[in-house]
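Residue numbers (the UniProt record's numbering): 1 to 348.
Where a beta carbon is used, it is the ideal one built from N, C-alpha and C, also for glycine.
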Amino acid sequence: MRAAVLYAARDLRIEEVPDPVPGPGEVLVRPRFTGLCGSDLHFWEGGLRHVVKDPIILGHEFSAEVVEVGPGVGNPAIRPGALAAVEPMWTCGQCAPCRRGTYNLCRNLTWHGLSVKGGGMSGLTVVRADMVHILPESLTAEQGALVEPVSVAHHCVTKAQVEPGGSALVLGAGPIGIASYLDLRARGVERIFVSEPSADRRAAIAHLAGLTGGGADLILDPGAVDVVAAVRELTDGDGVDAAIDAAGVEPAFHAGLSATRPGGRMVTVAVYMKPVTFHPLAAFLGGVDIVASCAYCNDFPAVIDGFVNGSYPLDGWVRPIPMDGAAAGFTALEAGTELKLLVDVQGS
């Protein structure tokens, strides 16, 4: 079968590899669409990490068709031909976080697509049965591939605890920021500010704001305006109920903290590559809770329902590309000229 194998930084090869075989409790699936994620981009730019020594097949955001069910899989919905979204976390089920039900914090967590377990950019791959979420017939394979990143956003918005009619600030309008905006809108949050320096990304989220009843006047360019001052002015000096940091850069962290109202909450969902200088008094004096949101935990079902209900439109921010164009896709993401790319794994 064909697979996109990463050997080193910027060394991604489309090549033939052996077909995998499902074991007990496992399912053989045929990936349909696989999203290129910021985590994939970090591997593309920096090469294999210390925990991964051998070449890996990339792809952890993917939809797939069930091909074969291994021994011991008792879920009758998991049958050949069914379309699924794959939750790509191999967890141990034994550590303290797993026993508490917070499996996203598993001490022995391994990611499908970022490890030797295999990945979604391949003709076939094997996953555990409980990682397979069968999709309703009304959903497409493209939507199925977006369940994983939207679940990241859904998890962080849940942690933000904003009530319907409330207010929020989203910092960064990349895929997770866009998904967070859409999730906030679906929950009835009325005033959603977005801070994004890229004109193209501001245009994309303005388009989505129009589709979902939001206001384009609340989309701010941090290079042109003081985001904190603007948010405070538009909230009668109070600030937002919650800020979601999907940017992962120090100015965004400080802006989010300062723009959150006293007693509010800031959720960091971005993967920071550098430390941030932070004085605890900045949170202490306003009683602001700073909360981290890692991946997702039992979020896939709710997100799948949201796709069925039309809460997450793809228009204007998602684009499919062929498998042979994956390397060029990473180059475009690195340059900031694309938003969300879905690799058509079974295409040319």
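query: By a C-beta neighbour count over all protein chains shown, 10 Å radius and 16 as the cutoff for buried, is R261 buried or exposed?
result: The residue given as residue 261 occupies position 261 in the sequence shown. Buried, since its Cβ has 16 or more Cβ neighbours within 10 Å.
field: Given G306 as reference, the closest of V231, L146, V343 and G287 once Cα atoms are compared
entry: Looking up residue 306 in the sequence shown gives position 306. The shortest Cα separation from G306 among V231, L146, V343 and G287 belongs to L146.
task: Check whether the stretch 293 to 307 touches the stretch 94 to 108, counting contact only when three or more Cβ pairs, one atom from each stretch, lie closer than 8 angstroms.
output: Yes, the stretch 293 to 307 is in contact with the stretch 94 to 108.
- prompt: With a Cβ-Cβ cutoff of 8 angstroms, do F284 and A141 count as a contact?
  reply: Position 284 of the sequence shown, counted from the first residue, corresponds to residue 284. Position 141 of the sequence shown, counted from the first residue, corresponds to residue 141. Result no, Cβ atoms of F284 and A141 do not sit closer than 8 angstroms.
- request: Give the range of the alpha helix (DSSP H) segment to which A203 is assigned.
  value: Start at 1 with the first residue of the sequence shown, and residue 203 comes out as number 203. From DSSP, the alpha helix (DSSP H) with A203 extends over A199 to T212.
- prompt: Which two residues bound the contiguous alpha helix (DSSP H) that contains T159?
  reply: To locate residue 159, count along the sequence shown from 1; it is residue 159. This sequence places Lys at residue 159; Thr is not what is there. Looking at the DSSP string, the run of the alpha helix (DSSP H) that includes K159 is A141 to A160.
message: Using 8 angstroms for Cβ pairs, my map puts G214 next to I192. What's the rounded Cβ distance?
response: Position 214 of the sequence shown, counted from the first residue, corresponds to residue 214. Position 192 of the sequence shown, counted from the first residue, corresponds to residue 192. That pair is a contact at about 6 angstroms.
- prompt: Can you name the start and end residues of the beta strand (DSSP E) that V5 belongs to?
  reply: Your numbering for residue 5 matches position 5 in the sequence shown. R2 to A8 is the span of the beta strand (DSSP E), which, as asked, contains V5.
query: Who are the near neighbours of K159 in its chain, counting only those whose CB is closer than 6 angstroms to its CB and skipping five residues on each side?
result: The residue given as residue 159 occupies position 159 in the sequence shown. Closer than 6 angstroms at Cβ, skipping near neighbours: V267, V291 and S293.
task: Could you spell out where the beta strand (DSSP E) holding V69 opens and where it closes?
output: Against the sequence shown, residue 69 aligns to sequence position 69. E61 to V69 is the span of the beta strand (DSSP E), which, as asked, contains V69.
query: Can you tell which of A64, R99 and E137 has its C-alpha closest to the C-alpha of E148?
result: Start at 1 with the first residue of the sequence shown, and residue 148 comes out as number 148. Answer by Cα proximity: A64.
field: F307 - containing alpha helix (DSSP H), residue span
entry: Here the question's residue 307 lines up with position 307 in the sequence shown. For F307, the enclosing alpha helix (DSSP H) has its first and last residue at F300 to V308.
Sequence ranges, alpha helix (DSSP H) only - wholly within the stretch 204 to 288, length at least 4: 227 to 234, 250 to 259 and 281 to 284
- prompt: How long is the line joining the alpha carbons of D344 and A84, rounded to whole angstroms?
  reply: Here residue 344 refers to the residue found at position 344 when the sequence shown is read from its first residue. Here residue 84 refers to the residue found at position 84 when the sequence shown is read from its first residue. Near 15 angstroms, if we compare the C-alpha coordinates of A84 and D344.
task: Starting from the C-beta of V17, find all residues in its chain whose C-beta is less than 6 angstroms away, skip the five residues before and the five after it, and write them out in chain order.
output: For this step, residue 17 is matched to residue 17 along the sequence shown. These residues qualify, in order along the chain: A3.
message: Quick check on the burial criterion: 16 or more other C-beta atoms within 10 angstroms. Buried or exposed for K117?
response: Counting from one through the sequence shown, the residue named residue 117 turns up at place 117. Counting Cβ neighbours within 10 Å, K117 comes out buried, since at least 16 surround it.
- prompt: Do R265 and D289 come within 8 angstroms of each other at the CB atom, strictly closer than that value?
  reply: Here residue 289 refers to the residue found at position 289 when the sequence shown is read from its first residue. Here residue 265 refers to the residue found at position 265 when the sequence shown is read from its first residue. Contact: yes.
query: Thinking just about the alpha-carbon of each residue, which of M1, P20 and R49 is nearest to the one in Y7?
result: Taking the first residue of the sequence shown as 1, we reach residue 7 at position 7. Checked all of M1, P20 and R49; the closest Cα to Y7 is R49.
- request: Compute the Euclidean distance between the alpha carbons of G347 and M323, then round it to the nearest angstrom.
  value: Position 347 of the sequence shown, counted from the start, is the residue given in the question as residue 347. Position 323 of the sequence shown, counted from the start, is the residue given in the question as residue 323. Going by the C-alpha atoms only, they are around 6 angstroms apart.
field: Per-residue burial, D245 [other beta carbons within 10 Å of its own, 16 or more giving buried]
entry: Locating residue 245 in the sequence shown gives position 245, where the first residue counts as 1. With 16 or more other Cβ atoms within 10 Å, it is buried.
- request: For E201, collect the residues of the same chain with a Cβ closer than 6 angstroms to its Cβ; drop the 5 residues on either side in sequence, then sort them by chain order.
  value: Within the sequence shown, the letter at position 201 stands for residue 201. The amino acid occupying residue 201 in the given sequence is Arg; Glu does not appear at that position. So the list reads A173, once near-sequence residues are dropped.
query: For the alpha helix (DSSP H) that contains G35, what are its first and last residues?
result: Locating residue 35 in the sequence shown gives position 35, where the first residue counts as 1. Looking at the DSSP string, G35 is not in any alpha helix (DSSP H); the run it does join, the beta strand (DSSP E), is E26 to G35.
query: Taking the C-alpha atoms as reference points, what is the distance between A206 and V194?
result: Your numbering for residue 206 matches position 206 in the sequence shown. Your numbering for residue 194 matches position 194 in the sequence shown. Going from the Cα of A206 to the Cα of V194 covers about 9 angstroms.
- prompt: Just how far apart, CA to CA, sit V276 and E26?
  reply: By one-based count along the sequence shown, residue 276 stands at place 276. By one-based count along the sequence shown, residue 26 stands at place 26. About 41 angstroms.
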